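This report concerns only the one structure given below.
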Amino acid sequence: MGDYLISCESTADMPLEFYRERKVGYVCFHYEMNGETYVDDIYQSTTPQEFFGKLKAGAQAKTSQVSTGDYVDFWEPYLKQGIDILHVSLSTGISGTYNSACLAAETLAPKYPERKIRVIDSLSASAGFGLLVELMADKRDEGMGFDELVEWAETNKMYVNQWFFVSDLDCLKRGGRVSATSALIATALKICPLMNVNFEGKLIPREKIRTKKKAIVRLVDAMMDHVQNGANYNGRCTISHSDCLDDALEVARLIGEKIPALDGKIEISDIGGVIGAHTGPGTVALFFMGDKRVD
């Protein structure tokens, strides 16, 4: 860990082992399902299959961001030990939790004037958010100092590319992100929207694709259109999915064919409860370092 802690939120959708092995702290979001509140604890108290099974059965899920008090309670023990805090937050284009984290930093600063507390807006979501955190952990382990890492993250976060498709529009409909009529038509026509996260950190629909099979191919094509160094890319690549592992594996297989250096080396993780409450089951998201997001 050194003299500073990298922390993030559970919405980075990385496996529990990642946080333990890479010494990255995380603060949990919460979600409500059928009137009962749960901690988004990276599937320690449930499984992805159980969670998405409830959504498929018609359960209603609402999410709530991390509170200022949650950040204060999590960070303060480290500050007391003389450890600085470098926190990376879920995109402001998706959630207001960044503001809560900043308020927590302002609350703690007078009490620990000798400590550094910095909050970075990732402008990313799910394992794209996680990819940025993972790269920052790499830099920290290589010996990069606090201030230098802040500058590196701010400079490089816009190169994290995030593309995904949704094959089940029910949760998007219930969350008001698509109309009931559009969802009905898309379902009847087997349309899978292809989306990405833009330069403002917002989810943007890019294409309407007929059939999931074609969406899988188009997702990989989108990567090839934007990935750094094209077929010679040898950086990190992550796929997250919501209870559709076979689809994620097919995406990984196709990427391995086009980018040999990634064959068998792509990280695959589950979309967590908070992000999954919005996307629903049947979502595959792809994350890699690519060209700079400008739209």
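Mapping to my numbering: the sequence shown position 167 is 174, numbers consecutive.
Idealized CB from N, CA, C, for every residue including glycine.
Computed from a predicted model, the values in this text were never measured in an experiment.
Report task. Using beta-carbon positions only, say whether Phe294 and Ala134 come within less than 8 Å of one another. Result -> In the sequence shown, counting from the first residue as 1, residue 294 sits at position 287. In the sequence shown, counting from the first residue as 1, residue 134 sits at position 127. In this structure, Ala134 lies closer than 8 Å to Phe294 by Cβ.
Query raised in the report: Nearest to Arg300 by alpha carbon, out of Gln235, Leu226 and Ser276?
Result: Against the sequence shown, residue 300 aligns to sequence position 293. Comparing Cα-Cα distances from Arg300 to each of Gln235, Leu226 and Ser276, the minimum goes to Gln235.
Query raised in the report: Which stretch, first to last residue, makes up the alpha helix (DSSP H) that contains Lys63?
Result: Mapped onto the sequence shown, residue 63 falls at position 56. Its alpha helix (DSSP H) spans residues Pro55 to Lys63.
Report task. Tell whether a beta-carbon distance below 8 Å holds between Thr290 and Gly208. Result -> Taking the first residue of the sequence shown as 1, we reach residue 290 at position 283. Taking the first residue of the sequence shown as 1, we reach residue 208 at position 201. Cβ distance not < 8 Å, so Thr290 and Gly208 don't count as in contact.
Query - In DSSP terms, what Arg125 is bridged to - result: If you number the sequence shown from 1, residue 125 lands on position 118. In the DSSP output, where bridge partners are listed per residue, Arg125 has Leu93.
Report task. Starting from Pro212, follow its DSSP beta bridges and name the residues at the other end. Result -> On the sequence shown, residue 212 is found 205 positions in, with the first residue counted as 1. Per DSSP, Met202.
Query raised in the report: When you compare only the Cα positions, how much space is there between Phe25 and Val227?
Result: Locating residue 25 in the sequence shown gives position 18, where the first residue counts as 1. Locating residue 227 in the sequence shown gives position 220, where the first residue counts as 1. So the alpha carbons of these two residues sit roughly 25 Å apart.
Query - Assigned secondary structure, Tyr85 (DSSP; H/G/I helix, E/B strand, else coil) - result: Locating residue 85 in the sequence shown gives position 78, counting from the first residue. Residue state, collapsed to three classes: helix.
Report task. Just confirm the distance between the C-beta atoms of Asp254 and Pro55, as a whole number of angstroms; I'd bet it's less than 8 Å. Result -> Numbered from 1 along the sequence shown, position 247 holds the residue referred to as residue 254. Numbered from 1 along the sequence shown, position 48 holds the residue referred to as residue 55. Contact flag wrong, Cβ pair sits at about 14 Å.
Requested in this report: Have a look at Phe171, Ala112, Phe206 and Asn205 and flag the residue whose alpha-carbon is nearest the alpha-carbon of Lys219.
Outcome: Start at 1 with the first residue of the sequence shown, and residue 219 comes out as number 212. Nearest C-alpha to Lys219: Phe171.
Query - Close beta carbons around Tyr119, own chain, < 6 Å, minus the five adjacent residues each side - result: By one-based count along the sequence shown, residue 119 stands at place 112. Answer for Tyr119: Leu86, listed in chain order.
Requested in this report: Could you tell me the boundaries of the alpha helix (DSSP H) in which Met151 lies?
Outcome: Locating residue 151 in the sequence shown gives position 144, where the first residue counts as 1. No alpha helix (DSSP H) contains Met151, which DSSP labels as neither H nor E.
Query - Distance CB(Cys35)-CB(Val95) smaller than 8 Å - result: Your numbering for residue 35 matches position 28 in the sequence shown. Your numbering for residue 95 matches position 88 in the sequence shown. In this structure, Val95 does not lie closer than 8 Å to Cys35 by Cβ.
Report task. Would you mind reading off the limits of the alpha helix (DSSP H) that contains Ser276? Result -> In the sequence shown, residue 276 corresponds to position 269, counting from 1. Ser276 -> not in any alpha helix (DSSP H); beta strand (DSSP E) instead, spanning Glu274 to Asp277.
Query raised in the report: In this structure, does DSSP put Ile101 in helix, strand or coil?
Result: By 1-based counting over the sequence shown, the position of residue 101 is 94. Looking at Ile101 - three-state DSSP - the assignment turns out to be coil, as it is neither helix nor strand.
Query raised in the report: What does DSSP give as the partner residues of Tyr11 in its beta bridges?
Result: The count along the sequence shown starts at 1 and reaches residue 11 at position 4. DSSP, once it has assigned bridges, lists Asp91 as partnering Tyr11.
Query raised in the report: Hey, how far is the Cα of Thr75 from the Cα of Glu83?
Result: As a working mapping, residue 75 is identified with position 68 in the sequence shown. As a working mapping, residue 83 is identified with position 76 in the sequence shown. So the two alpha carbons sit approximately 12 Å from each other.
**Report entry** Inter-residue CB distance, Leu12 and Ile90 (contact presumed, cutoff 8 Å)
**Finding:** As a working note, residue 12 is residue 5 in the sequence shown. As a working note, residue 90 is residue 83 in the sequence shown. That pair is a contact at about 5 Å.
Query raised in the report: Whose CA, out of Ala222, Asn205 and Ile211, lies closest to the CA of Ile198?
Result: Locating residue 198 in the sequence shown gives position 191, counting from the first residue. Minimum Cα distance to Ile198 is reached at Ala222.
Query raised in the report: Which full runs of the alpha helix (DSSP H) of 4+ residues lie inside the region 248 to 292, going along the chain?
Result: 252 to 265 and 280 to 286
Requested in this report: In the DSSP assignment, find the alpha helix (DSSP H) that holds Val227 and state where it starts and stops.
Outcome: Translated into positions along the sequence shown, residue 227 becomes position 220. Element bounds for Val227: Lys219 to His233.
Query raised in the report: Three or more C-beta pairs closer than 8 Å, one from the region 62 to 82 and one from the region 266 to 273: is that the case here?
Result: no
Query raised in the report: For Lys118, which of helix, strand or coil comes out of DSSP?
Result: Counting from 1 along the sequence shown, the entry for residue 118 is found at position 111. Three-state DSSP puts Lys118 in coil, outside helix and strand.
Query - Burial state of Gly65, where buried means 16 or more other Cβ atoms lie within 10 Å - result: Here residue 65 refers to the residue found at position 58 when the sequence shown is read from its first residue. Looking at its Cβ environment, which holds fewer than 16 other Cβ atoms inside 10 Å, Gly65 is exposed.
Query raised in the report: Do Arg243 and Met202 have their CB atoms nearer than 8 Å?
Result: As a position in the sequence shown, residue 243 is number 236, starting the count at 1. As a position in the sequence shown, residue 202 is number 195, starting the count at 1. It is not a contact, given that the beta carbons lie outside the stated cut-off.
Query raised in the report: If we ignore side chains and look at the alpha-carbon of each, how far apart do His285 and Ser52 end up?
Result: Within the sequence shown, residue 285 is the residue found at index 278, counting from 1. Within the sequence shown, residue 52 is the residue found at index 45, counting from 1. Looking at the two C-alpha atoms, the distance is approximately 20 Å.
**Report entry** Contacts around Phe58, its chain only, beta-carbon distance under 7 Å, and the 5 residues preceding and following it disregarded
**Finding:** Position 51 of the sequence shown, counting from 1, holds the residue named residue 58. Counting only Cβ-Cβ distances below 7 Å, and skipping sequence neighbours, we find Gly280 and Gly283.
Query raised in the report: Contact between the region 121 to 131 and the region 150 to 163: three or more CB pairs below 8 Å?
Result: yes
Report task. Using 10 angstroms around the beta-carbon of Glu121, count the other beta-carbons present and answer buried if the total reaches 16, otherwise exposed. Result -> In the sequence shown, counting from the first residue as 1, residue 121 sits at position 114. Burial call: exposed.
Query raised in the report: With 16 as the cutoff for other CB atoms within 10 Å, does Ile216 come out buried or exposed?
Result: As a working mapping, residue 216 is identified with position 209 in the sequence shown. Per the 10 Å Cβ criterion, buried.
Query raised in the report: Can you tell me the Cα-Cα spacing of Leu326 and Ile211, whole angstroms?
Result: There is simply no residue 326 to check, as the chain begins at 8 and stops at 302 in what is shown.
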